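One structure is given here, and the rest of the page talks about it.
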Amino acid sequence: SIVSPPSSCPNCGHQIRWYQNIPILSYLFLGGKCASCREKISLRYPAIETLTGFLFVAVLYYFGFSAATLIYWMFVAALVTITFIDLDHQIIPDVISLPGIVIGFVCSFFIPWLSWSDSILGIVVGGGSLWLIAWLYEKLAKREGMGGGDIKLLGMLGAFLGWQAVFPVVFISSLIGSLIGVPLMLMQKGDTKLAIPFGPFLAFAATVYLFWGRELVHWYLNLLGN
638 SIVSPPSSCP NCGHQIRWYQ NIPILSYLFL GGKCASCREK ISLRYPAIET LTGFLFVAVL
698 YYFGFSAATL IYWMFVAALV TITFIDLDHQ IIPDVISLPG IVIGFVCSFF IPWLSWSDSI
758 LGIVVGGGSL WLIAWLYEKL AKREGMGGGD IKLLGMLGAF LGWQAVFPVV FISSLIGSLI
818 GVPLMLMQKG DTKLAIPFGP FLAFAATVYL FWGRELVHWY LNLLGN
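Residue numbers for the sequence shown follow this note's numbering, so the first one is 638 and each next one is one higher.
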């Protein structure tokens, strides 16, 4: 956090000043070490900052100087945050996803190609479809396979991207999740109870759709037509 609570060194607890918290630059100026205890700062911090900066540049390049750019800057920043929280703690905070649903709907009034009705349907179809998948899995496997955080996250994605994005996002995330999850289970000697966070796959799929969604849908429809 930058504002509250203030960022601090995980080793010595020293509060990091604002000028020591400038993305990427502060890491370079400090030589990759805490200004107080000189403990090495994890490369994870500049890596996440670089990833976020890259996504911001990509959004600006794709949408130009527009309201959509400001909106999708906020969107991709939320996705990066959710990804690493889910990887670390296997939880998607409601404090991000639930306000994200509301904000996504409000933002639909400022995005020319996203109507408010598409956003509402995206929330319903997104959250509803994943809830149905989770419910069916629980009935068939007799155990929970997907948390409520994933359901709310897909509702948020639907709010920002529209209902048309829901099924491509579910398909892409499931495909990537399978390509990564199955080998991991095999490495764990077939442990089918291995917990793999699904949020990062949803976030990745949503990012793919944000930039190439229309092309992917067009390609798929042409494939069906042939």
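Just so you know, even glycine gets a beta-carbon here, dropped at the ideal spot from N, CA and C.
Computed from a prediction, not measured in an experiment: that's the story for all the values here.
Next item on the list: Taking 8 Å as the cut-off, decide whether the C-beta atoms of Ser756 and Ala796 are in contact.
Entry: For the purposes of this step, residue 756 is taken as residue 119 along the sequence shown, with counting starting at 1. For the purposes of this step, residue 796 is taken as residue 159 along the sequence shown, with counting starting at 1. Yes, the pair counts as a contact, with Cβ atoms nearer than the cut-off.
Margin query: Quick check on this structure: which residue in Pro736, Phe742, Thr687, Ser745 has the alpha carbon closest to the alpha carbon of Val717?
Written below: Along the sequence shown, read from residue 1 onward, the residue named residue 717 stands at position 80. Checked all of Pro736, Phe742, Thr687, Ser745; the closest Cα to Val717 is Thr687.
Margin query: Once the 5 residues before and after Pro805 are set aside, which same chain residues still bring their CB inside 7 Å of it?
Written below: Along the sequence shown, read from residue 1 onward, the residue named residue 805 stands at position 168. Within the same chain, Pro805 has close Cβ partners Tyr846, Gly850, Leu853, Val854.
Note to self: Whole angstroms are fine: how far does the CA of Leu665 sit from the CA of Asp656?
What the structure shows: In the sequence shown, counting from the first residue as 1, residue 656 sits at position 19. In the sequence shown, counting from the first residue as 1, residue 665 sits at position 28. Before going on, a small fix: residue 656 reads as Tyr here, not Asp. Roughly 12 Å separates the two Cα atoms.
Notebook entry, point to check: Mind checking whether Ala714 and Gly737 have CB atoms under 8 Å apart?
Noted result: Position 77 of the sequence shown holds residue 714. Position 100 of the sequence shown holds residue 737. No, they are not a contact pair.
Note to self: Let's test the definition: count the other Cβ atoms within 10 Å of the Cβ of Phe808 and tell me whether it reaches 16, buried, or not, exposed.
What the structure shows: To locate residue 808, count along the sequence shown from 1; it is residue 171. With fewer than 16 other CB atoms across the displayed protein chains lying within 10 angstroms of its CB, Phe808 is exposed.
Note to self: How far does the alpha helix (DSSP H) with Phe804 in it extend, from its first residue to its last?
What the structure shows: As a working note, residue 804 is residue 167 in the sequence shown. Counting along the chain, the unbroken alpha helix (DSSP H) around Phe804 starts and ends at 803-824.
Note to self: If contacts are defined as beta-carbon pairs under 8 Å, then Leu769 and Leu839 qualify, I think. What distance do you get, rounded to the angstrom?
What the structure shows: Along the sequence shown, read from residue 1 onward, the residue named residue 769 stands at position 132. Along the sequence shown, read from residue 1 onward, the residue named residue 839 stands at position 202. About 16 Å separates the CB atoms of Leu769 and Leu839; that is not less than 8 Å, and the two are not in contact.
Item checked: Of the listed residues His651, Leu794, Arg654, Pro643, nearest to Ile708 (C-alpha basis) -> Position 71 of the sequence shown, counted from the start, is the residue given in the question as residue 708. It is Leu794.
Note to self: Between which residues of its own chain and Lys776 is the CB-CB distance below 6 Å, once the five residues before and five after are set aside?
What the structure shows: The residue given as residue 776 occupies position 139 in the sequence shown. Same-chain partners within the cutoff: there are none.
Check: Can you give the Cα-Cα distance for Phe691 and Ile733, rounded to whole angstroms?
Finding: The count along the sequence shown starts at 1 and reaches residue 691 at position 54. The count along the sequence shown starts at 1 and reaches residue 733 at position 96. Those two C-alpha atoms are separated by around 21 Å.
Next item on the list: Can you give me the start and stop residues for the alpha helix (DSSP H) that Trp710 sits inside?
Entry: Your numbering for residue 710 matches position 73 in the sequence shown. Looking at the DSSP string, the run of the alpha helix (DSSP H) that includes Trp710 is 704-726.
Check: Roughly how many whole angstroms lie between the Cα atoms of Ile729 and Cys649?
Finding: Against the sequence shown, residue 729 aligns to sequence position 92. Against the sequence shown, residue 649 aligns to sequence position 12. Whole-angstrom Cα-Cα distance: 28 Å.
Checklist line | Reference Pro660, options Phe702, Gly784, Ser644, closest by Cα | finding: Along the sequence shown, one-based indexing puts residue 660 at 23. When each option's Cα is compared against that of Pro660, the closest is Ser644.
Notebook entry, point to check: Can you list, in chain order, the residues of its chain whose CB lies under 7 Å from that of Phe712, leaving out five sequence neighbours each side?
Noted result: Locating residue 712 in the sequence shown gives position 75, counting from the first residue. Excluding positions up to five away in sequence, the list reads Phe797.
Check: Does DSSP put Ser644 in a helix, in a strand, or in coil?
Finding: As a working mapping, residue 644 is identified with position 7 in the sequence shown. Three-state result, Ser644: coil.
Next item on the list: Please report the residue range of the alpha helix (DSSP H) in which Val663 lies.
Entry: Taking the sequence shown and counting its residues from 1, the one referred to as residue 663 is at position 26. It is worth fixing the name first, because residue 663 is Ser in this sequence and not Val. 662-666 is the span of the alpha helix (DSSP H), which, as asked, contains Ser663.
Check: Start and end of the alpha helix (DSSP H) containing Leu853?
Finding: Looking up residue 853 in the sequence shown gives position 216. First-last of the alpha helix (DSSP H) with Leu853: 836-862.
Notebook entry, point to check: So the alpha helix (DSSP H) Phe700 belongs to, where does it begin and stop?
Noted result: Locating residue 700 in the sequence shown gives position 63, where the first residue counts as 1. Taken as a continuous stretch (DSSP letters only), the alpha helix (DSSP H) holding Phe700 covers 681-700.
Item checked: With 16 other Cβ atoms within 10 Å as the buried cut-off, status of Cys744 -> The sequence position of residue 744 within the sequence shown is 107, counting from 1. By the neighbour-count rule (16 or more Cβ atoms within 10 Å), Cys744 is buried.
Checklist line | Limits of the alpha helix (DSSP H) - the one that Ile788 falls within | finding: Here residue 788 corresponds to residue number 151 of the sequence shown, with the count starting at 1. Element bounds for Ile788: 785-798.
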